[in-house]
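Here the structure comes first, spelled out in structure tokens, and everything after it is commentary.
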Amino acid sequence: MFRRTIFVINLTILLMVLPIHNSSTEIPSKQMSYIDQLFDIESMISQINSSTLYSYVESLSSFGCRYTGTENCSKAGEWIYDTFKKMGVSVSFHDWRYAGLTSRNVVATIPGMDCSSTVEYLITAHYDTSNGSIGSNDDGSGVAAILEIAKILSRYSFLHTIRFIAFSAEEIGTYGSFCYARDACRNNDNIRAVINPDIIGGAYSEEGGNHLRFFYPLRSKWIVDFAQNISLQFFDEIELHVEMFPNYIGADHQAFIDYGYDGVWVAQHDSSYAHTINDTPENINKTYLTKSAKLLLAIIAQLAMQPVDFQICFNTPYEGYGYMLNTPLFHMDFGKQWYTQLRGMTYILGSALTSVNVYAKDDVEYVIFCIDGNFIAWDSLPPYEWYIQGKHFPLLGRHFLQAYAVTKTGSIATDEMDIYVLSLSCEYS
Ligand SMILES: [Zn+2]
């Protein structure tokens, strides 16, 4: 039923796409395959090759310890770039400089076919290691998975853009992902979900072999619900259960959450040899790594081919800025403060105007503004905006701002932002 619904909706998009294909004398196989893939996630899953996955783990491990800033780390980044390139996938470096370090993330992209969509889905891993480890599982397993998934998905086309990103500097403070998320936010990138496999290649018990953990903050629960549906839908092919876990802030998905995006960290069930000399290819469970990669492929493929009919995003205030009297004055990114969750926080001295962009195929009934999950104000006409303030009591300190859009057919979309407010503005009546 689930897949049939997607097919019906996608068919209308196909009808728009097909004439363009037919105008060509020779139809490229990549475009033809767009029709097939609606029915054929099973086929994509079956193309995940266990030996290739393991060979990626071995190749990455062969660079040795890849501590950020070392030559081994740089060479590993270049190898990942070359591997994407050999697959024919568009790839670039995202160079960054932070905390006295210069390094680069590797970004491969399958552009979406729907020109009206700015939606992006990210699947990410890290290629650096802690000191004294060759990181076959942490996170050679995640890098191997994104390489193998990119290779297979690049043979198809999707509605929305998919990016495969290998970060550096995860182990020293998630600086690579922080720099990427910060730049994406300033660039208004419409990243709808980030899936971050990190340590997905080890299973040493029967239970461990059948479970993959998803760590998430509440507002990203929809991604895990989606993953769980996929795991049930393709259980015969993959045989992996989704295990729900509370969020953990020390992985690369957190940088995106700090900048207002949704994301999850994906990891194995059993405890691992991460950060030890035993994190070697020999301790990778090939069968389990293959299952993990299959489930991740099915999730990202299904997400990227599903239409997004309704979205709400904060326009102002800008994430990670300091505001005084409704004027954005300077960046306050606090990139080293990942553990305090001050990173990406928006600071407001005096009130600031919040405005939202709503994209909806149905008519919008109203937008509700909430502080800490409680209704404060609403706006029924665009532009949807509100001066951030307390009700009966001024806002002082750390809060979260939330906007709900409701359509006339009753659909709801939400966005959230962490704010730190010093203001006496208040609706007293
Ligand atoms: Zn890791």
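Per the working numbering, the sequence shown starts with residue 264, numbered consecutively.
Yeah, the Cβ is synthetic: ideal placement off N, Cα and C, and Gly gets one too.
Just so it is clear, the structure is predicted and the values come from calculations on it, not from any experiment.
CB contact check: residue i to chain B, cutoff 8 Å
i: N450; result: The structure shown has no chain B; it contains just one protein chain.
Any non-hydrogen atom of ligand 1 within 7 Å of residue i CB
i: I409; result: no
Presumed contact (8 Å Cβ cut-off) between residue i and residue j, rounded CB distance
i: G636; j: T609; result: No, G636 and T609 are not in contact; Cβ-Cβ is about 18 Å, not under 8 Å.
i: N368; j: A429; result: 7 Å
i: I386; j: F427; result: 6 Å
i: M680; j: F577; result: 5 Å
i: N546; j: N453; result: In fact, because the Cβ distance is near 39 Å, the residues do not count as touching under 8 Å.
i: V529; j: P460; result: 4 Å
i: S324; j: G403; result: 6 Å
i: G526; j: S494; result: No, G526 and S494 are not in contact; Cβ-Cβ is about 18 Å, not under 8 Å.
i: A466; j: I308; result: Going by Cβ atoms, the distance from A466 to I308 rounds to 18 Å, so no, they are not a contact pair.
i: G375; j: L422; result: 6 Å
i: S674; j: D625; result: 7 Å
i: L664; j: I634; result: 6 Å
i: T373; j: S417; result: Reading off the sequence shown, one finds Ile at residue 373, where the question assumed Thr. With 8 Å as the limit, I373 and S417 qualify as a contact, their Cβ atoms being about 6 Å apart.
Inter-residue Cα distance where the pair is residue i and residue j
i: H538; j: L410; result: 22 Å
i: R455; j: Y524; result: 7 Å
i: E305; j: I415; result: 12 Å
i: I412; j: A556; result: 7 Å
i: I343; j: D358; result: 14 Å
i: Y511; j: Q517; result: 8 Å
i: G327; j: S379; result: 44 Å
i: Q496; j: A564; result: 14 Å
i: N548; j: K554; result: 10 Å
i: L612; j: L588; result: 6 Å
i: T424; j: V382; result: 6 Å
i: A567; j: Q531; result: 24 Å
i: L558; j: V370; result: 21 Å
i: T677; j: D345; result: 39 Å
i: V406; j: P645; result: 43 Å
i: H662; j: I463; result: 34 Å
i: V703; j: A388; result: Residue 703 cannot be examined here, being either before or after the span of the chain that is shown, 264 to 692.
i: L592; j: V571; result: 34 Å
i: A362; j: W485; result: 34 Å
i: Y551; j: Q491; result: 17 Å
i: S534; j: Q600; result: 27 Å
i: L616; j: T579; result: 7 Å
i: F441; j: T333; result: 20 Å
i: A666; j: Q569; result: 24 Å
i: F498; j: D303; result: 15 Å
i: D377; j: E341; result: 31 Å
7 Å Cβ shell around residue i - same chain, five flanking residues per side excluded
i: M507; result: F477 and V487
i: A731; result: Since the first residue shown for the chain is 264 and the last is 692, residue 731 is missing from the structure and cannot be characterised.
i: N473; result: E502, L503 and H504
i: P657; result: S686, L687, S688 and C689
i: R329; result: N335, C336, A339, Y390, D391, T392 and G398
i: S614; result: N589, Y650, I651, Q652, S686 and S688
i: Q310; result: I415
i: G585; result: L592, F593, M595 and Y610
i: M350; result: A413, K414 and S417
i: S468; result: D533
i: Q574; result: Y622 and A676
Residues of its chain near residue i, where Cβ-Cβ distance is below 6 Å and the 5 sequence neighbours each way are ignored
i: A640; result: F632 and W649
i: R445; result: D596
i: I540; result: none
i: Y522; result: A444, C448, E582 and G607
i: Y647; result: V619 and V630
i: Y536; result: D542 and N546
i: I298; result: Confidence is the limiting factor: at I298 the pLDDT is only 47, short of 50, which leaves the residue's position unreliable, though a coordinate-based value still follows. Cβ neighbours of I298 beyond the five flanking positions: none.
i: L605; result: F597
i: P544; result: V320, E321, S324 and S399
i: V354; result: Y344, F347, K348 and A371
i: Y683; result: M608, Y610 and R661
8 Å CB neighbourhood of residue i in its chain, flanking five on each side removed
i: E628; result: S643, V669, T670 and K671
i: H655; result: C689, E690 and Y691
Closer than 7 Å: residue i CB and nearest ligand 3 heavy atom
i: Y551; result: Only ligand 1 can be found as ligands here, which leaves ligand 3 out of the picture.
Handout entry: Residues near ligand 1, criterion Cβ-heavy atom distance below 5 Å
Key = Here the list is D401, D402 and D461.
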